[in-house]
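Peer 1: Heads up: the sequence shown is residues 227 to 395, going by our numbering.
Glycine included, every Cβ here is placed at the ideal spot set by N, Cα and C.
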Amino acid sequence: MKKHFKLIVLSIIITCFIVAPVYGQEYGTGLEVEEPEIQVFIANLSDDAKDIGLSKELVRSKVELALRRNGITVIDPFRIHDIEENEVKTLDHILSVEILVVGNAFSFYINFFRTVRYQSSDKDYITRAAVWTRSATGTHGYSSSYIIESLEDYLDIFINEFFRANDFG
227 MKKHFKLIVL SIIITCFIVA PVYGQEYGTG LEVEEPEIQV FIANLSDDAK DIGLSKELVR
287 SKVELALRRN GITVIDPFRI HDIEENEVKT LDHILSVEIL VVGNAFSFYI NFFRTVRYQS
347 SDKDYITRAA VWTRSATGTH GYSSSYIIES LEDYLDIFIN EFFRANDFG
């Protein structure tokens with residue numbers, strides 16, 4: 227019994243060290259932001275996608291509408307300018323949607339990208355990384371409606387998790 231107790235205590239201690247955040251920091255979902263503002267990126271579609279009635283404009287419209295309907299401001303990166311600096315500003319929050327269609331099969335990927343900082347060998351690094359991702363695969367019956375419905379379902383999941391991670395009140 228003592229041996230099992232010691233192993234349990236040791237496991238708890240090791241787990242605490244492995245998952246304990248750096249002093250003064252806490253773990254997050256990656257979805258935490260100051261304001262509910264997101265840039266949207268829609269990847270180009272294949273000819274097979276276009277053949278079943280999908281267009282980049284339709285996908286963008288569905289994504290942006292879902293975000294706006296839930297109080298998330300969609301930022302156009304080409305319209306954000308710093309007047310004094312005359313430089314384009316970009317947000318650190320990008321929702322990327324990629325839909326692949328080949329024959330009667332499809333897959334889509336929704337990724338939320340942001341800048342991530344990390345340290346290795348006493349050096350600080352910065353990169354853009356997907357901190358939230360979901361995907362789906364299936365067949366579409368040569369109609370875009372199933373793909374759009376599935377995309378909207380996954381956008382609802384993203385929006386729910388986005389608001390769960392943030393308190394904009």
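Helix or strand or just coil, what does DSSP make of residue 380?
Peer 2: Taking the first residue of the sequence shown as position 1, residue 380 is located at position 154. In the structure shown, residue 380 sits in a helix (DSSP, three-state: H, G or I).
Peer 1: In the structure shown, what three-state DSSP assignment does residue 347 receive?
Peer 2: Locating residue 347 in the sequence shown gives position 121, counting from the first residue. Of the three classes helix, strand and coil, the one that applies to residue 347 here is coil, per DSSP.
Peer 1: Go through its chain and collect everything with a Cβ distance to residue 359's Cβ below 8 Å, but skip five positions before and after it.
Peer 2: In the sequence shown, the residue the question calls residue 359 occupies position 133. So the qualifying residues of the chain are 335, 336, 337 and 338.
Peer 1: Could you tell me which residues DSSP puts in a beta bridge with residue 337?
Peer 2: Here residue 337 refers to the residue found at position 111 when the sequence shown is read from its first residue. The partner list for residue 337 (beta bridge, DSSP) reads 322 and 359.
Peer 1: For residue 352, does the count of other Cβ atoms within 10 angstroms reach 16, so buried, or fall short, so exposed?
Peer 2: Here residue 352 refers to the residue found at position 126 when the sequence shown is read from its first residue. So residue 352 counts as exposed.
Peer 1: What residue ranges within the segment 243-302 form continuous alpha helix (DSSP H) runs of no fewer than 4 residues, ordered along the chain?
Peer 2: The segment 243-302 contains, as complete alpha helix (DSSP H) runs of 4+ residues, the segments 273-277 and 282-295 (chain order).
Peer 1: DSSP three-state label for residue 394, please.
Peer 2: Position 168 of the sequence shown, counted from the start, is the residue given in the question as residue 394. Residue state for residue 394 is assigned as coil, using DSSP reduced to three classes.
Peer 1: Drop a sphere of 10 angstroms on the beta-carbon of residue 394, count the other beta-carbons inside from all chains shown, and report buried for 16 or more, exposed for fewer.
Peer 2: Indexing the sequence shown from 1 puts residue 394 at position 168. When all chains shown are included, residue 394 counts as exposed.
Peer 1: Applying the 10 Å Cβ sphere with the 16-neighbour rule, what's the burial state of residue 383?
Peer 2: Position 157 of the sequence shown holds residue 383. Exposed, by the Cβ-count rule.
Peer 1: Taking buried to mean at least 16 other C-beta atoms within 10 Å of its own C-beta, is residue 308 buried or exposed?
Peer 2: Taking the first residue of the sequence shown as position 1, residue 308 is located at position 82. Any reading at residue 308 must be qualified, since the residue scores a pLDDT of 48, below 50, and its modelled position is unreliable; no value is offered.
Peer 1: Per DSSP, residue 329 forms a beta bridge with which residues?
Peer 2: The residue you call residue 329 lines up with position 103 of the sequence shown. Paired residues: none, contrary to the question.
Peer 1: Alpha carbons only, please: which of 332, 365 and 264 is nearest the one belonging to residue 213?
Peer 2: This structure cannot settle anything about residue 213, because the visible part of the chain is limited to 227 through 395.
Peer 1: If residue 370 and residue 278 are in contact, beta carbons under 8 Å, what's the gap, nearest whole angstrom?
Peer 2: On the sequence shown, position 144 is the one that residue 370 refers to. On the sequence shown, position 52 is the one that residue 278 refers to. 5 Å between Cβ atoms; contact.
Peer 1: Which residues in the same chain have their Cβ closer than 8 Å to the Cβ of residue 387, if we skip the five residues on either side of it in sequence?
Peer 2: Position 161 of the sequence shown, counted from the first residue, corresponds to residue 387. If we look at residue 387 and ignore the five residues flanking it on each side, its Cβ neighbours are 255, 257 and 358.
Peer 1: Let me check understanding here. Comparing Cα to Cα, which of 346, 325 and 374 lies closest to residue 273?
Peer 2: Sequence index remark: in the sequence shown, residue 273 carries index 47 (1-based). If we check each option's Cα against that of residue 273, 325 comes out closest.
Peer 1: Which residues in the same chain have their Cβ closer than 7 Å to the Cβ of residue 275, if we skip the five residues on either side of it in sequence?
Peer 2: The residue labelled residue 275 in the question sits at position 49 within the sequence shown. So the qualifying residues of the chain are 325 and 327.
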